[in-house]
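With positions in the sequence shown counted from 1, the corresponding number in this note's numbering is that position plus 4.
Structure first, then comments.
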Amino acid sequence: MELRHLKHFLVVADLKHFHRAALELNLAQPSLSRSIQKMEDLLGAKLLERTSRSVTLTPFGEIVVEHGSRIIRDVDFLKREIQAIQGLETGELIIGASAIPLNSIVGPSIGQFIHTFPNVNVELKVGNWLSLYQQLCKAEVSLFIAETKATELEQRDDIEVVPLPSFQAIFCCRKAHPLTRINPLTLADIKQYPIAIPSALPKTLYDQFGDLFNKYRKGFSGLVKFEQFQAIKESLSECDLVSLAPDVSVKKELINGLFVALPITDMPDIRASFSIVYLKSRKLTPAAKAFIDFIHPAKC
C-alpha cells in the first residue's frame, strides 16, 4: 500500500463525499475511485458505503481512519526529524500559543528568531490551552505556550513544562473610567459595569471572585468571554468595560497612560503562570530548542 492511497482515503473519510474530496486532492474523480478501490483490494475489506449524495465508513473503514491518521502523522513527524538532523537551515517550527502569550511573549521574540534563522519555516497557531494540548499530542504543533498552573497542565505526566516568569492578574480599564474615582475600591464596585474575562478561565480562578461573573446575580451588567484579547483592548478604550488580564498583556497601555490597573482592595492574588510545553516522548528539533532559548528565561 502506498501512502498516497491512504491519504486519499482519509480525505474521502473526512469530507464524506467523493466529488469534494477529488477537488480537495486536485484529482479526477475516477482516479480517486480507483485509488480507494486499490486500497480495499489490498486490505481485502470494504471501507466505504456509497449513497447517491455521500459516503459512510464501514467498521473496517473506521479502523483504517484510526490507524491511518496515526501513520500519516508519524510519517510527517519523521520528515521533520530528518530535516532537523540536517540542521536549522532547513528546519520547520510550528508554535502554538494562547492569545495573551502569543501577543506578549511569542510576538516580541519571533521577529528576532526569524532574523537569526531566516530559512526555518515558522507557523503560528493560536488556541486555548486544551486545543493546543490536543494539537501537541497529534504532532500538529512542535511546542506551545499557555497557562499551566491554574489549568493544571503542569500535572500531566506526558509533557515537559518549562516555566516562564509569572505575571500578576489585574482588572484594567480606560483612564477616565468612573471606577478610577472610587477610593477605596472593592470587587463589589465592579459589579455595576460590564466585565471581560478569558473564555478558558479555569474554574479554580473563577470561584475566587465569588458571584462576580454570575449572570444571575443582582445588578449583573454583562459579561464578555474572549479568546483574542486584542478586540477587548480596543473596546476598553471606547466604553466602561472592565477586563481581567495579566498585567503583561496591557504593559504598553499602562505605561502610556491609556489604561489603568484598578487598585482593588479585596482582589485575589492571582498570577498567570505561562510555560513552554512539549511532549516528553518527542525529541525537540534544533529549531524548537533555539526558539526556547530566545524566550527563556530573560526574554520575558
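Virtual Cβ for every residue (Gly too), placed ideally from N, Cα, C.
No experiment lies behind these values; they were computed from the predicted model shown.
For the stretch 129-139 and the stretch 96-108, state whether three or more C-beta atom pairs, one from each stretch, are separated by less than 8 Å. yes
If you reduce the DSSP assignment to three classes, tell me which class cysteine 177 lands in. strand
Please state the DSSP three-state secondary structure of asparagine 107. helix
7 Å Cβ shell around isoleucine 186 - same chain, five flanking residues per side excluded: Asp193
Run through the stretch 30-55 for me and flag every whole beta strand (DSSP E) of 3 or more residues, listed as ranges in chain order. 52-54
Where does leucine 205 sit, in a helix, a strand or coil, going by DSSP? coil
Express the C-alpha separation of leucine 240 and aspartate 18 in angstroms, rounding to a whole number. 41 Å
Got a sec? Which residues, its chain only, sit under 6 Å from glutamate 257 by beta carbon, not counting five neighbours each side? Phe263
Near phenylalanine 298, what residues of its chain come up, given a Cβ to Cβ distance below 7 Å and the 5 sequence neighbours on each side ignored? Ser113, Gln116, Phe117
Which of helix, strand or coil does DSSP assign to proline 274? Looking at the sequence provided, one finds isoleucine at residue 274 rather than proline. If DSSP states are grouped into helix, strand and coil, isoleucine 274 belongs with coil.
Give me the residue from Ala154, Ala173, Gln234 with the minimum Cα distance to alanine 265. Ala173
Which runs of the alpha helix (DSSP H) fall wholly inside the stretch 184-272 and span at least 4 residues, in chain order? 191-194, 207-210, 233-240, 255-259
Can you find the residues in the same chain that come closer than 8 Å, C-beta to C-beta, to leucine 97, ignoring five residues on each side of it along the sequence? Val124, Asn125, Val126, Glu127, Ser146, Thr289, Ala291, Ala292, Phe295
Below 8 Å between beta carbons: does that hold for leucine 14 and valine 69? yes
Glutamate 6 in three-state terms, based on DSSP: coil
Nearest to serine 73 (by Cα), restricted to the options Ala200, Ile268, His9, Thr155: His9
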